[in-house]
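All remarks here apply to the structure that follows.
Number of protein chains: 2
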Amino acid sequence: MQLETLKNQFEFYLKQRGCKITKSRFDIIDVIARYGSHFEIEDLVNWITQENKKIASRSTVYRTVKLLQEFGAIREVIKLNNRTIYEFIAGKPHHEHLVCVECGKIIEFNKEKIEELQEEVCKEYDFVPLNHRLEIFGICSDCRSKKDENRKPAPVSKSDT
Amino acid sequence: MQLETLKNQFEFYLKQRGCKITKSRFDIIDVIARYGSHFEIEDLVNWITQENKKIASRSTVYRTVKLLQEFGAIREVIKLNNRTIYEFIAGKPHHEHLVCVECGKIIEFNKEKIEELQEEVCKEYDFVPLNHRLEIFGICSDCRSKKDENRKPAPVSKSDT
DNA sequence: AAGCTATTGCAAATGAGATTCATTTGTTCT
DNA sequence: AGAACAAATGAATCTCATTTGCAATAGCTT
Numbered sequence: 001m002q003l004e005t006l007k008n009q010f011e012f013y014l015k016q017r018g019c020k021i022t023k024s025r026f027d028i029i030d031v032i033a034r035y036g037s038h039f040e041i042e043d044l045v046n047w048i049t050q051e052n053k054k055i056a057s058r059s060t061v062y063r064t065v066k067l068l069q070e071f072g073a074i075r076e077v078i079k080l081n082n083r084t085i086y087e088f089i090a091g092k093p094h095h096e097h098l099v100c101v102e103c104g105k106i107i108e109f110n111k112e113k114i115e116e117l118q119e120e121v122c123k124e125y126d127f128v129p130l131n132h133r134l135e136i137f138g139i140c141s142d143c144r145s146k147k148d149e150n151r152k153p154a155p156v157s158k159s160d161t
Numbered sequence: 001m002q003l004e005t006l007k008n009q010f011e012f013y014l015k016q017r018g019c020k021i022t023k024s025r026f027d028i029i030d031v032i033a034r035y036g037s038h039f040e041i042e043d044l045v046n047w048i049t050q051e052n053k054k055i056a057s058r059s060t061v062y063r064t065v066k067l068l069q070e071f072g073a074i075r076e077v078i079k080l081n082n083r084t085i086y087e088f089i090a091g092k093p094h095h096e097h098l099v100c101v102e103c104g105k106i107i108e109f110n111k112e113k114i115e116e117l118q119e120e121v122c123k124e125y126d127f128v129p130l131n132h133r134l135e136i137f138g139i140c141s142d143c144r145s146k147k148d149e150n151r152k153p154a155p156v157s158k159s160d161t
């Protein structure tokens, strides 16, 4: 199973780094892999608390999230206002995000051509890319239709004033 | 002159919004237009303090920066750790950034094709884009050559041990 | 099991940015 | 010009995400 492989790799990584294999770390990678395509620190705390009936210390979550970023299982994808949204990437091809500023919905997309063009740019500037983030902020179709409804509070077809 | 035009437009914008024409606001747009291709709040505070011999209140700077974003003269371009870097955009064509994680250097680039592809994606998802941000984090050539030097501390050609 | 070291959890610190409110300053009206 | 009102300012305070110091705890090694 995928999740087991991931955990094994993580264990290997931790040992390599001289880090210890602890329950918290595996609890965290576990909920991320099962629940979390996109998540914030707060989500992790909630998920773990729900499952384990034990509050995960926020500091440990922060520390582990950093570790998991270095390991490469997750990455910061969205920075909006003072919120940081991470995503679980294990195995997924790189992709970018549309972020609805009304409802917060996140739509993933993948445009190979954009990636290629980025590589091209980096070569031009003799720049070695480590990672990148493309965020398109805007309004999704759902929110737009909701707005349209609000703009027509008294449609002719309806009965009363 | 460019700067005057900008200030006039800003004045017009403020009046439209029912805002007042104040010295602080013009001090701020002034230093941005003259000094600041890329800047942080802290930079604005410093520049204004240096020029005016009067400390600009941080709150006013924050408030004005928000106003200038709405006006469209500046935008948030980089979010790295807990730092927000803005840039002065008046008139500039939209462009993206390479950010060196070693030295903090920012390289601007413009790839029309990337913009077009983004539009395409938005259409696909029936998403109306308001703005976007593409950050490529990596290591610039300067920093790479510095690193290489450090890796060869005792080149054979040099004389002593 | 002992002993060492990394990890944890808590509480306190930090730091960017927002907010409150009394005072000041633009703007408008006469 | 001056009165009257609304908006802007600065200082202090607050908020909220994230980090850090430290004492207690838990993995690992032998």
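Line by line, the protein sequences are chains W and Z.
According to the numbering used here, the stretch in the first sequence is residues 1 to 161, in order.
According to the numbering used here, the stretch in the second sequence is residues 1 to 161, in order.
No residue lacks a Cβ here, since even glycine has one placed at the ideal position from N, Cα and C.
The model shown is predicted, which means the values in this text are computed figures rather than measured ones.
For W:Lys79, which three-state DSSP category applies?
Looking at W:Lys79 - three-state DSSP - the assignment turns out to be strand.
First and last residue of the uninterrupted alpha helix (DSSP H) at W:Glu70:
Start and end: Arg58 to Phe71.
CB contact flag (W:Ala73, W:Leu6, <9 angstroms)
It is a contact, given that the beta carbons lie within the stated cut-off.
Can you tell me where the alpha helix (DSSP H) holding Z:Arg34 begins and where it ends?
It spans Lys23 to Tyr35 - the alpha helix (DSSP H) in which Z:Arg34 sits, taken as one unbroken run.
Please report how far the alpha carbon of W:Asn81 lies from the alpha carbon of Z:Lys79, in whole angstroms.
One C-alpha to the other measures close to 10 angstroms.
Between which residues of its own chain and Z:Ala154 is the CB-CB distance below 7 angstroms, once the five residues before and five after are set aside?
With a pLDDT of 49 at Z:Ala154, under the threshold of 50, the modelled position of this residue cannot be trusted; read the value that follows with caution. The beta carbon of Z:Ala154 sits closer than 7 angstroms to none of the beta carbons in its chain outside the five residues before and after it.
Quick one: is W:His94 buried, meaning 16 or more other Cβ sit within 10 Å of its Cβ, or exposed?
With fewer than 16 other CB atoms across the displayed protein chains lying within 10 angstroms of its CB, W:His94 is exposed.
State yes or no: is the beta carbon of W:Ile136 nearer than 9 angstroms to at least one beta carbon in chain Z?
Interface residue, yes.
How would you call W:Thr64, buried or exposed, if buried means at least 16 neighbouring beta carbons within 10 angstroms?
Buried.
Can you pull the chain Z neighbours of W:Pro129, defined as C-beta to C-beta under 9 angstroms?
The contacting residues are Leu98, Ile136, Phe137, Gly138 and Ile139.
Kindly indicate the opening and closing residues of the alpha helix (DSSP H) around Z:Glu51.
Element bounds for Z:Glu51: Ile41 to Asn52.
Give me the residue from W:Ala33, W:Gln16 and W:Cys19 with the minimum Cα distance to W:Leu3.
Out of W:Ala33, W:Gln16 and W:Cys19, W:Ala33 has the C-alpha closest to the C-alpha of W:Leu3.
What does Z:Lys111 reach in chain W if we use C-beta pairs closer than 7 angstroms?
Think of a sphere of 7 angstroms around the beta carbon of Z:Lys111: the chain W residues whose beta carbon falls inside it are Leu117 and Val121, in chain order.
Do you know how far the Cα of Z:Cys19 is from the Cα of W:Asn46?
Looking at the two C-alpha atoms, the distance is approximately 43 angstroms.
Out of Z:Thr60, Z:Phe10 and Z:Gly36, point me to the one whose CA is closest to Z:Ser24's CA.
Comparing Cα-Cα distances from Z:Ser24 to each of Z:Thr60, Z:Phe10 and Z:Gly36, the minimum goes to Z:Thr60.
Assign W:Asn110 to one of three DSSP states: helix, strand, or coil.
Residue state, collapsed to three classes: coil.
Counting along the chain, where does the beta strand (DSSP E) carrying Z:Glu135 start and finish?
Its beta strand (DSSP E) spans residues Val128 to Ile139.
If I follow the unbroken alpha helix (DSSP H) through W:Glu11, where does it start and stop?
For W:Glu11, the enclosing alpha helix (DSSP H) covers residues Gln2 to Arg17.
Tell me the rounded alpha-carbon separation between Z:Glu42 and W:Phe10.
Just so you know, the alpha carbons of Z:Glu42 and W:Phe10 end up roughly 40 angstroms apart.
What separation, rounded to the nearest whole angstrom, lies between the Cα atoms of W:Ile85 and W:Phe137?
The straight-line gap from Cα to Cα measures roughly 14 angstroms.
With a cut-off of 9 angstroms, does the C-beta of Z:Tyr125 fall near any C-beta of chain W?
Residue-level contact by beta carbon holds for Z:Tyr125 and chain W, with a gap shorter than 9 angstroms.
Cβ neighbour criterion (16 or more within 10 Å) applied to W:Phe12:
With fewer than 16 neighbouring CB atoms inside 10 Å of its own CB, W:Phe12 falls in the exposed class.
I want to check one thing, is the minimum distance from the CB of W:Lys7 to the heavy atoms of the ligand GTP below 8 angstroms?
The model depicted lacks the ligand GTP and carries no ligand whatsoever.
Would you give the residue range spanned by the beta strand (DSSP E) that W:Cys103 belongs to?
For W:Cys103, there is no enclosing beta strand (DSSP E), as DSSP marks it with neither H nor E.
Can you check which of these residues, Z:Arg83, Z:Lys111 and Z:Ala90, is closest to Z:Glu96 by C-alpha distance?
Comparing Cα-Cα distances from Z:Glu96 to each of Z:Arg83, Z:Lys111 and Z:Ala90, the minimum goes to Z:Lys111.
Which residues in chain W have a C-beta closer than 7 angstroms to the C-beta of Z:Arg133? List them in chain order.
What Z:Arg133 touches in chain W: Glu135.
Whether W:Cys140 touches W:Pro129 by CB criterion (9 angstroms)
In terms of Cβ geometry, W:Cys140 and W:Pro129 do not form a close pair [threshold 9 angstroms].
Could you check whether the Cβ of Z:Thr161 sits closer than 9 angstroms to any Cβ belonging to chain W?
For Z:Thr161, the pLDDT reaches just 37, beneath the cut-off of 50, and the residue's location in the model is therefore unreliable, although a value from the coordinates is still provided. With 9 angstroms as the cut-off, Z:Thr161 does not count as an interface residue toward chain W.
Counting only C-beta atoms, is Z:Val101 closer than 9 angstroms to chain W at any point?
Yes, Z:Val101 lies at the interface with chain W (some Cβ there is under 9 angstroms from its Cβ).
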